[in-house]
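Q: Residue numbers for the sequence shown follow the working numbering, so the first one is 11 and each next one is one higher.
For every residue, glycine included, the Cβ atom is placed at its ideal position computed from N, Cα and C.
Could you have a look at this structure, given as structure tokens, before my questions?
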Amino acid sequence: MGRRSMLGAMATLFAVPACAPRAPEAPLAPRPASGVDMLVAGVRPIAKDRALYPVPGRPDRSAIYDDAMAVLVLLRQGRRREAGAVLAALADAQLPDGAIPFNVSLTTEPANPYVRTGALAWVGYAAVEYLESAKGGADRDAIIAMAHRLAAFLLARRIDALPDPRARLVTGGRGVYRYEIASGALRESFVDGERDWVATEHNVDAFFFLRALGRISEQRAYASAADEIAASLVAGAWSEREGQLARGVTAEGVDAICALDGASWGGLMLLARGDRARAERSFSTADARYASSSTRVPHARGHKPYARGPLIESYALRSQTGGRFASAMWDDFATVWPEGSAGVALLAARLGRRDRAKEILARLDALRGADGSLPTATDAIPTELDTSPSIAGTAWCELVRHELEGGVGIWI
Numbered sequence: 011m012g013r014r015s016m017l018g019a020m021a022t023l024f025a026v027p028a029c030a031p032r033a034p035e036a037p038l039a040p041r042p043a044s045g046v047d048m049l050v051a052g053v054r055p056i057a058k059d060r061a062l063y064p065v066p067g068r069p070d071r072s073a074i075y076d077d078a079m080a081v082l083v084l085l086r087q088g089r090r091r092e093a094g095a096v097l098a099a100l101a102d103a104q105l106p107d108g109a110i111p112f113n114v115s116l117t118t119e120p121a122n123p124y125v126r127t128g129a130l131a132w133v134g135y136a137a138v139e140y141l142e143s144a145k146g147g148a149d150r151d152a153i154i155a156m157a158h159r160l161a162a163f164l165l166a167r168r169i170d171a172l173p174d175p176r177a178r179l180v181t182g183g184r185g186v187y188r189y190e191i192a193s194g195a196l197r198e199s200f201v202d203g204e205r206d207w208v209a210t211e212h213n214v215d216a217f218f219f220l221r222a223l224g225r226i227s228e229q230r231a232y233a234s235a236a237d238e239i240a241a242s243l244v245a246g247a248w249s250e251r252e253g254q255l256a257r258g259v260t261a262e263g264v265d266a267i268c269a270l271d272g273a274s275w276g277g278l279m280l281l282a283r284g285d286r287a288r289a290e291r292s293f294s295t296a297d298a299r300y301a302s303s304s305t306r307v308p309h310a311r312g313h314k315p316y317a318r319g320p321l322i323e324s325y326a327l328r329s330q331t332g333g334r335f336a337s338a339m340w341d342d343f344a345t346v347w348p349e350g351s352a353g354v355a356l357l358a359a360r361l362g363r364r365d366r367a368k369e370i371l372a373r374l375d376a377l378r379g380a381d382g383s384l385p386t387a388t389d390a391i392p393t394e395l396d397t398s399p400s401i402a403g404t405a406w407c408e409l410v411r412h413e414l415e416g417g418v419g420i421w422i
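So, in structure tokens, the structure goes:
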């Protein structure tokens, strides 16, 4: 971590006479740690030319979404070798069907088969940026192969049949955690198997990944799939009443719950495909409906992930947590979610509201730790949010800041 050095070598040239002693100089304050400092310091070598980011507080695992977001920051800091080491480690973890577990094991224990298509799309997008950043690299061929296999996994999970409301969209992935009460105690279990619901967030991720992969590979099929995903989201998930894309789509129809990502990330997708009117509407929704503060950190301002509905959707889990979570609703709950807030800032910047984007980032600085990290959220909600340092959230803010300072943005 960089520190400012003390000036001393020239002091004797400007010494004052003994009859007029000057007051001692105050030492220069150390530069506050930034999110970049945290992300550069946090990468952990796991083998020769291989590295990953352990989940804060969980050194036994690495979340692939965190890894992908950190790679995007490393590339913008000119650290392509470290970025390649992370991507190569993810390529090593890729399964025969093209998926990568949501959490990669950093021990000898096998990874849980939980898979989410949105996280896979982010890994693929980070791989594309790596490949575009320069030619060469020790593991370039492995990273190219990983990107194509990720795309194949996503495309194999599109629903093709009409009039299914999920048609042409990518389903969620594999595995789910369920909660039940047994003998008066809460029990968590993992249930393997394909997930047939469609999340707007995952499909926005897939849109940007497939569009980028189509650009660098010159394979029109990827770009066409991206266009179809975007068109299907607008046709099936856009709510004129809510002013945003809904959280997702099931076989029965649209999921009525609205999430911040549907407004912010959804707005970025809408703008990318030339639908500025809906993008503007989405920004207005995101910045107003989800605006939030924190009772724990008085000066922090930002946005929360949901605006309505129960904090905890599982009845079994909700009934066992007790206290304020037993019946708490998002409508009345105040928390700041830096990752989501940064998404709103990026949409603001792309729409020309640069001052608002800078304001959003500045207000998150009240949450920054001594190491430069930002928390997942200001308030913990069982199975939903925690207050631990967030690699992805910290990376998101640094990526938006980089673009505001004239650097290359993501999802271009």
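Look at the alpha carbon of Asp202 and the alpha carbon of Tyr124, and state the distance between them as a whole number of angstroms.
A: The alpha-carbon atoms of Asp202 and Tyr124 are separated by roughly 7 Å.
Q: I need the boundaries of the beta strand (DSSP E) containing Ile370, first residue and last residue.
A: Per DSSP, Ile370 belongs to no beta strand (DSSP E); it is in the alpha helix (DSSP H), 364–374.
Q: By how many angstroms is the C-alpha of Cys268 removed from the C-alpha of Leu97?
A: Those two C-alpha atoms are separated by around 33 Å.
Q: What does DSSP give as the partner residue(s) for Phe200 in the beta ladder?
A: DSSP lists Tyr187 as partners of Phe200.
Q: Just to confirm, is the Cβ distance from Ala61 to Val50 under 8 Å?
A: The answer is no: Cβ separation not under 8 Å.
Q: Considering only their Cβ atoms, is the gap separating Ala296 from Leu321 smaller than 8 Å?
A: In this structure, Ala296 does not lie closer than 8 Å to Leu321 by Cβ.
Q: What are the boundary residues of the alpha helix (DSSP H) that Thr260 is part of?
A: Not the alpha helix (DSSP H): Thr260 falls in the beta strand (DSSP E), residues 258–260.
Q: Considering only C-alpha positions, which residue in the set Ile74, Asp151, Glu323 is nearest to Ala3?
A: There is no way to answer for residue 3, as the model of the chain reaches only from 11 to 422.
Q: Just the C-alpha distance for Phe219 and Ala95, rounded to the nearest angstrom, thanks.
A: About 20 Å.
Q: Compute the Euclidean distance between the alpha carbons of Leu164 and Ala131, then round it to the nearest angstrom.
A: Whole-angstrom Cα-Cα distance: 8 Å.
Q: Compute the distance between the beta-carbons of Ala358 and Ala344, then report whether it is under 8 Å.
A: The answer is no: Cβ separation not under 8 Å.
Q: Could you give the uninterrupted runs of the alpha helix (DSSP H) lying entirely in the segment 366–422, keeping only those of 4 residues or more?
A: Whole alpha helix (DSSP H) segments, 4+ residues: 401–414.
Q: Based on the DSSP output, what are the partners of Val125 in its beta bridges?
A: In DSSP, Val125 forms a bridge with Arg184.
Q: Could you check whether the segment 141–152 touches the segment 181–200, counting it as contact only if at least three pairs of C-beta atoms, one from each stretch, sit closer than 8 Å?
A: No, they do not touch.
Q: Hey, quick one: how far does the beta strand (DSSP E) through Arg71 stretch, first residue to last?
A: 71–73 is the extent of the beta strand (DSSP E) around Arg71.
Q: With DSSP run on the structure shown, which of helix, strand or coil describes Gly45?
A: In this structure, Gly45 counts as helix in the three-state DSSP scheme.
Q: Would you mind reading off the limits of the beta strand (DSSP E) that contains Ala61?
A: Residues 60–62.
Q: Which of the three DSSP states, helix, strand or coil, is assigned to Trp248?
A: Three-state DSSP puts Trp248 in a strand.
Q: Please work out which residues of its chain come closer than 6 Å, Cβ to Cβ, to Glu415, disregarding the five sequence neighbours upstream and downstream, and give them in chain order.
A: Same-chain partners within the cutoff: there are none.
Q: Between the Cα of Glu413 and the Cα atoms of Lys58, Gln87, Met48, which residue gives the shortest distance?
A: Comparing Cα-Cα distances from Glu413 to each of Lys58, Gln87, Met48, the minimum goes to Gln87.
Q: So, at 7 Å on beta carbons, what are the nonlocal neighbours of Ala326 in its own chain, with the 5 sequence-adjacent residues on each side left out?
A: Contacts found: Tyr189, Glu190, Ile191, Leu196.
Q: Tell me whether Gly230 is buried or exposed, calling it buried when 16 or more other Cβ atoms sit within 10 Å of its Cβ.
A: Note on residue identity: the sequence assigns Arg, not Gly, to residue 230. Exposed, because fewer than 16 other Cβ atoms sit within 10 Å of the Cβ of Arg230.
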